[in-house]
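Structure first, then comments.
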Amino acid sequence: MNVLALDGALNGFSAAAARAEAIVARREILANFALERGLAAVQSVLDEAGLEPATIDRLAVGIGPGRFTGLRIAIAYAKELAAAWRRPLVPVSSFDVLEFGRTFERVLTVVVGRPGVISARYRNAAEVRRASGRIAQVLDAVLPQPFDADTLSVVGAAEDVLTALAERAITVQHVQPAVTPSAAAAALIASSRTPSGTLHEISADYGELPAVTIRER
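Numbering (the working numbering), first residue to last: 707 to 923.
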């Protein structure tokens with residue numbers, strides 16, 4: 707299966723192609739150039755991978771949470787390409803992108819959309835909790851009370867929560883994403899996921915949720 711993925715939610719704007727669940731090309735450009743050079747980056751990935759629209763089986767796009775402008779640009783590009791090429795589109799969460807390729811006993815994945823506001827997901831073997839808002843409120847909402855584990859793995863924007871976690875006497879293991887850029891992880895994830903039924907079902911998750919727990923399963 708050939709997958710083309712785009713992401714603008716995390717760091718810069720990135721594009722990647724996967725073939726048979728392996729990355730064959732990837733590009734990342736600065737976020738400020740996403741609108742001007744984003745499609746050129748996509749074409750560069752296609753050229754390097756030896757792909758053309760007729761040989762792409764599906765597209766994938768990061769839907770956030772993350773940067774507002776980057777999300778809008780990447781999703782718009784992905785929808786336009788999927789519609790023009792008549793290919794299915796797979797939405798991929800930023801949380802899944804950051805955690806992809808690693809196994810955790812318990813993990814806190816953190817994304818920053820704007821200064822002072824985070825969107826975080828806590829996951830262990832028994833449950834998944836998610837919240838967005840101010841740092842202290844979010845940590846209170848998603849972390850078990852009391853938190854009695856020895857360590858907590860943190861992926862993503864760990865620097866934004868380290869002080870607050872230290873105040874809670876939580877020992878942190880900062881883990882880097884296993885696959886970069888983010889579009890590469892999205893491409894691999896999408897290789898084994900069911901695409902959305904229609905493009906209209908896909909929308910951006912800006913992480914502007916109230917600081918309350920959202921049960922995901």
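Where is the CB? At the ideal position from N, CA and C, for every residue including glycine.
Original post:
Pick from Asp846, Gly819, Arg829: whose alpha carbon is nearest that of glutamate 811?
Top reply: Arg829
Original post:
Counting pairs of Cβ atoms below 8 Å between the segment 738-748 and the segment 792-799, do you hit three or more?
Top reply: no
Original post:
Where does proline 901 land, buried or exposed, given buried means 16+ other C-beta within 10 angstroms?
Top reply: buried
Subject >> Alpha carbon of valine 861 to alpha carbon of proline 771, nearest angstrom >> reply: 14 Å
Original post:
Between valine 813 and threonine 775, what straight-line distance do the alpha-carbon atoms span, to the nearest angstrom?
Top reply: 27 Å
Original post:
Of the choices Leu871, Ala884, Ile735, Gly819, whose alpha-carbon is the least far from that of proline 850?
Top reply: Leu871
**OP:** Specify the secondary structure class of proline 850 as computed by DSSP and reduced to three states.
**Re:** coil
**OP:** Tell me whether asparagine 738 sits in a helix, a strand or coil according to DSSP, three-state version.
**Re:** helix
Subject >> Through-space distance from isoleucine 735 to glutamate 742, alpha-carbon basis >> reply: 10 Å
**OP:** Compute the Euclidean distance between the alpha carbons of arginine 835 and aspartate 802, then round it to the nearest angstrom.
**Re:** 14 Å
Original post:
By a C-beta neighbour count over all protein chains shown, 10 Å radius and 16 as the cutoff for buried, is aspartate 713 buried or exposed?
Top reply: buried
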